[in-house]
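Top line first, the protein sequences correspond to chains A and B. Here the first sequence stands for residues 1 to 799, where the numbers follow the numbering used here. Here the second sequence stands for residues 800 to 1141, where the numbers follow the numbering used here. Reading through the structure tokens given below for one structure.
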Amino acid sequence: MKLSYKWLKEFIDTELSPKEIADKLTMGGIEVSAVINMDKGIRKVITAEIRDVQPHPNADKLTFCKVFNGQAEVDIVCGAKNIKPGDRVPLATVGAVLPGNKEINEAEIRGKKSYGMLCSERELGLSEEHAGIMILPQDTPLGLDINTVLELDDVILEAEPTPNRGDCLSVLGLAREIAAILNLKIKMPKIVLKETADKAEKFVTVEIKDENLCPRYAARFASNVKVKTSPLWMQNRLRNCGLRPINNIVDITNYVLLELGHPLHAFDSTTLQDAKIIVRTAREGEEIQTLDGQTRKLTKHMLVIADSKKPVALAGVMGGELTGVKENSTTVVLESAYFDPVSIRKTARSLGLSSDASYHFERGVDVDNQILALNRAAQMVQDLAEGAVAKGIIDTYPHKLKQPKITLRQDRINKILGVEITFAQSKKILKNLGFAYTENTSTESFHVLVPPWRHDIEREIDLIEEVARLNGYEEIPAALPKGRMVKVGGNRDWQMAQTIAQFLRAAGFAEIISYSFIGEKDYAKTGIDPAARDCIKIANPLTEDVSIMRTSLVCGLLNNLAWNINHGSTEVKIFEQGRVFLGRAQETYAREDRRLALAVSGHKLEPSWNRKAATADSYYLKGLAVGLLDILGIAEYKFQPSTNTIFHPALSLDLVLDGQVSGTLGRLSPRVAENYDFPQEVYLAEFDLEKILSLATTAKKFHSIPKFPGIRRDLALSLPIKVSHETVMNQLRRLADPLVREVALFDVYQGDKMEAGFKSYAYTFLYQAQDRTLQDEEVNKLHQELVRKVIAELGAKVR
Amino acid sequence: MSLEDIRNKLAELEKQALGELEQAVKDNIENIRVKYLGKKGELTAILRGMADIAAAERPLIGKLSNDIKTRLEEKISGKFRELKEKSELTALSNLQVDLTLPGDPVGFGHLHPIHQTIEEIVAIFTRLNFAVVEGPEIETDYYNFEALNFPPEHPARDMQDTFFIEDKVLLRTHTSPVQVRVFEKQKPPVKIIVPGKVYRHDADVSHSPMFHQVEGFLVDEGVTFADLKGILTAFIKEMFGEQLSTRFRPSFFPFTEPSAEVDMSCFACKGAGCRVCKQSGWIEILGAGMIDPAVFKHVKYDPEKYTGFAFGMGVERIAMLKYAIDDISLFYENDLRFLKQF
Ligand SMILES: [Zn+2]
């Protein structure tokens, strides 16, 4: 809402500067986001009259004009077509400065001297209008500085009232607010009407069919109206507040809306069938052509203003094209109504049609102010459009709207705020706000009657806020809660998530955060089976690419990998922790599972001149998974070949926890990789954090450190290729003597030096006793025994 | 020789040996030792002259010569060690290496700046005894709006453009629904901090359709607006710096009343006015207020008995201010050249 400082000063007497007013409003709860000086730096542009317009002898598109500047005629070459002798226009004289520091100098254009320039609205920085020269009203004095003429000495405050403060969407409303803050009196506009002898009812009748949606409808009638341009002062006000002047009647309704905050509408009464105004809901399927030229199909929930035959306006939203005031209209019905905010909002939203009027009605207007606004407009129709205003107001108000009465307790104010505001202070605030009240000094309480413009005040707490706000939040001290100790228990999962993030960070991974929504395209690219998805879709997505709540973190990870590789980062190690959305659930709408996913492409460790670079592989991810489980205190887990189709069939593993597949790791399936055009191998993993976190523990138990030294023995086995390490380990664990405390693989060889069909795995064994130092002979004997059994059981040979 | 002669000779010998030791190089140290202390050395030679000394005085001489011998041995071996270390050091220093070559990179990763900012905020509040709770991201109209006192068809809903899943089901537009979920399950006192993702139907340089908020709330008997001011002032100082001042100004949120916007003095210009603070000297950082009795009514808390406050902040906004990031979409592009800066 743009508030003109000059306009504001018609309502209150204050010497405060625009900036000071802005600060007061902001600290009172109406944020002023900008204070805009209307002075655009225009200098030496004056009002002038066109005396003569001739075609330019050397250019078809130009004219050669004589322009009178109040003292002398000057020659001007001009490119616009819309001027004729007698028009009053802004003339940038030689040496003038236009917005953007553009200087105007004497010039010769196609052989004709031009001593200045005629300006369009755009050249003056007033609007985007540049089709022609700006034509000023006929009564504009000549030779005056355009800054004065157009009131560019005004300052505009860009006020942003919160949605509950519909009452602050006008000069009057903001003036009232400032008056309450500064303890000032409001000056209301004086309205002098010279009504004709004929009663308004003679010309038009009003009937409200739906009192709930339209509790009050007031109208006035004027004849002999002359539709023409508004006087400059009105145009200036509108323009400074961001509106385009149209004609006096439209401008009057806009002016009154800006000033008093009540939307008005003007009908040409001759277009109303049977001179009737009926406020009713639309018939299903009924149509109306609105002012914007569009034909709108209506439903039975929408309120319309109709004549005896057809809807003539969408009540409170927009007028009808056919019944609006035109250039040649002479009889005008002015409407000032009160419409139900919810109904207006529903209508505006369902038609996708929002107007200044609907914006005000949705936020609630002042049912008493309705008459003031109507009279103010009528007076202007009389003064600015030569209208003859008929006697009286057609005021249909079947049931007076009730204002809430609220009890306000002084001790409650202080209990909520934690301050010591006195009863007297509260009283003064209520008074300054213009609230009617009765007081009870013994109980220190008030009975407050909420004024009709304050739709946001219904309860005691609303009044407490008023007291807090006008007393000043800065008056409330900063304390620290003295409350009881609270049991803190919910942080375990949060801490675990931090642990996981720190673990992966230490392992060189960068954390990403991707959108929770993905698209069909992602499913196509990853080849996730459409039948297997129980996915949740967004009804109104920004685009189709972000229309499905993700069921896996892999899509985001792969898209990001592609982005980074395409942007020159070929060493990529990324991870994400976040939720996936897996169909319906009980307590919440969707099952929202936490997942962890990671992707690697490039080397395990950042390559360096000083170490051998090793490319990432499935073993790298397996190691990370084991490390992660270890750090989370999970000792029981298993890996098994995976059938997850996003992964390479031979190079991927499922993590099994508690008998459930709880994640997969390995190389990205080459078929999927192709869809992303990855130029390098990609490894990835996704884990179910719900499962992992449910098993995670920080509990640890100490095992005593062996007191006696152990003895190591190594064994290199030549094994048939199909025998797995796991099989070997299981056998070794089974066959080894209890004195074997550790078995570990330390070397793998497969290649030329091996017999075809065989590979070599080398293991190291630690023999150690709890109660004595083992001797070589004893260990040798045990180890030889083990070797013998292993050979027999595994078909292995000793290398 | 008299006793006096021997004494003099011994002193002379010690002086001479020390002098020679001073000049010694590593290789002739052994020679010096042999020359003075060896079996055929000079000390032995002097002691041979003891034959003339009275038997009673001999032990005296013996002690004298032993002392000299001990002292010299110590000096000789000390000198030997010194020379040996020196030559070893020379040998080590002469190794031809280029230590200007880069060290092995540790290859540490990076946590997302949004994550880091959330963690920093949450850590401050957990130190103040707030417990972390997270809630669902897909919410119902009831939790996201209705129970938070957003009536249907109220213009306040325009503040939060919403993604819908179906009628009355939506992506939460703020973390505040968690208040209602917690109140439903727990009686006061409650003291909770809620970090999480939220969604709005909006995208430009300062808006992302998905972003993060941290919400906090405290409900108990006797909680006041003054307490809210205290907690948030403490938070802002801890998060952004002791020297920053804060400003509370009235605002509107359907689920709090009285409501406040909380500004902190601009860290970039110290309040003088600059581009960061849009010339105002203040930066809007938090929304807050006393929890509206209408919210308590939905969860059957007695508003006459309990009062509480709630506050919320946009993490992206804070991170953008903190790290001077000018485009919100950088957070979701996840370009490694961006992430590696954090
Ligand atoms: Zn600043």
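Where a beta carbon is used, it is the ideal one built from N, C-alpha and C, also for glycine.
### Query
Taking L430 of chain A as the reference, which of A:M729, A:A179, A:V155 has the closest Cα?
A:A179
### Query
Looking at C-alpha atoms only, which residue of B:T1106, B:L1135, B:E1115 is the closest neighbour of P481 of chain A?
B:T1106
### Query
How about G1070 of chain B: is its Cβ closer than 8 Å to a heavy atom in ligand 1?
yes
### Message
Under 9 Å, Cβ to Cβ, is there at least one residue of chain B near H567 of chain A?
### Response
yes
### Query
Is it true that the CB of L169 of chain A sits closer than 9 Å to the CB of G261 of chain A?
yes
### Task
Return the chain-ordered list of same chain residues with a C-beta closer than 7 Å to the C-beta of T773 of chain A, the five sequence neighbours on each side being excluded.
F708, P709
### Message
With a threshold of 9 Å between beta-carbons, can M27 of chain A be considered close to chain B, or not?
### Response
yes
### Query
Is the Cβ of N183 of chain A closer than 9 Å to any Cβ of chain B?
no
### Query
So which residues on chain B does G508 of chain A lean against when the C-beta distance must stay under 7 Å?
G906, F907, G908
### Message
Here's a check: name, in chain order, each residue in its chain whose Cβ is nearer than 7 Å to the Cβ of E1083 of chain B, leaving out the five neighbours to either side.
### Response
E1060, D1062
### Query
Helix or strand or just coil, what does DSSP make of C168 of chain A?
helix
### Query
Taking 8 Å as the cut-off, is the CB of V32 of chain A close to at least one heavy atom of ligand 1?
no
### Query
Do you know how far the Cα of R671 of chain A is from the Cα of I647 of chain A?
Note that residue 647 of chain A corresponds to Phe in the displayed sequence, not to Ile. When rounded, the distance between both Cα atoms is 9 Å.
#### Entry: Span of the beta strand (DSSP E), counted from its first residue to its last, around A810 of chain B
Element bounds for A810 of chain B: not the beta strand (DSSP E) but the alpha helix (DSSP H), 802–822.
### Query
In the structure shown, what three-state DSSP assignment does K537 of chain A receive?
strand
#### Entry: Residue closest to D493 of chain A, alpha-carbon to alpha-carbon, out of A:L689, A:L258, A:E195
A:L689
### Message
Closest to K194 of chain A by C-alpha separation, out of A:Y749, A:I146, A:F221, would be which residue?
### Response
A:F221
### Message
Applying the 10 Å Cβ sphere with the 16-neighbour rule, what's the burial state of A736 of chain A?
### Response
buried
### Query
At a CB-CB cut-off below 7 Å, which residues of chain A make contact with M958 of chain B?
P163
### Query
If we call anything under 9 Å between Cβ atoms a contact, is L182 of chain A one with K24 of chain A?
yes
### Query
Alpha carbon to alpha carbon, what distance is there between H301 of chain A and E321 of chain A?
21 Å
### Any chain A beta carbon closer than 9 Å to M1009 of chain B
yes
### Query
Going by alpha carbons, who is nearest to A922 of chain B out of B:Q1140, B:A844, B:P994, B:Y1122?
B:P994
### Query
Span of the beta strand (DSSP E) holding P858 of chain B?
Unbroken run through P858 of chain B is the alpha helix (DSSP H), 857–892; no beta strand (DSSP E).
#### Entry: Beta-carbon neighbours of N610 of chain A, restricted to chain B and to distances below 7 Å
D903
### Message
So with CB distances below 7 Å, who are the chain A contacts of M1089 of chain B?
### Response
I416
### Y515 of chain A in three-state terms, based on DSSP
coil
### Query
The beta strand (DSSP E) spanning I991 of chain B covers which residue range?
989–998
#### Entry: Among A:D677, A:R591, A:A479, A:G751, nearest to P720 of chain A - alpha-carbon criterion
A:G751
### Query
Got a sec: which bits of the region 491–502 of chain A sit with their beta carbon under 7 Å from any beta carbon on chain B, in order along the chain?
N491, W494, Q498, A501
### Query
Does the Cβ-Cβ distance between H265 of chain A and I208 of chain A come in under 9 Å?
no
### Query
In or out: M496 of chain A buried (at least 16 other Cβ within 10 Å) or exposed?
buried
#### Entry: Span separating the alpha-carbon of P950 of chain B from that of T14 of chain A
38 Å
### For L401 of chain A and P215 of chain A, believed in contact at Cβ under 8 Å, the rounded distance
6 Å
### Minimum length 3: unbroken beta strand (DSSP E) runs contained in the region 1054–1098 of chain B
1055–1064, 1081–1090
### Message
Is there a Cβ of chain A sitting closer than 9 Å to that of S1005 of chain B, yes or no?
### Response
no
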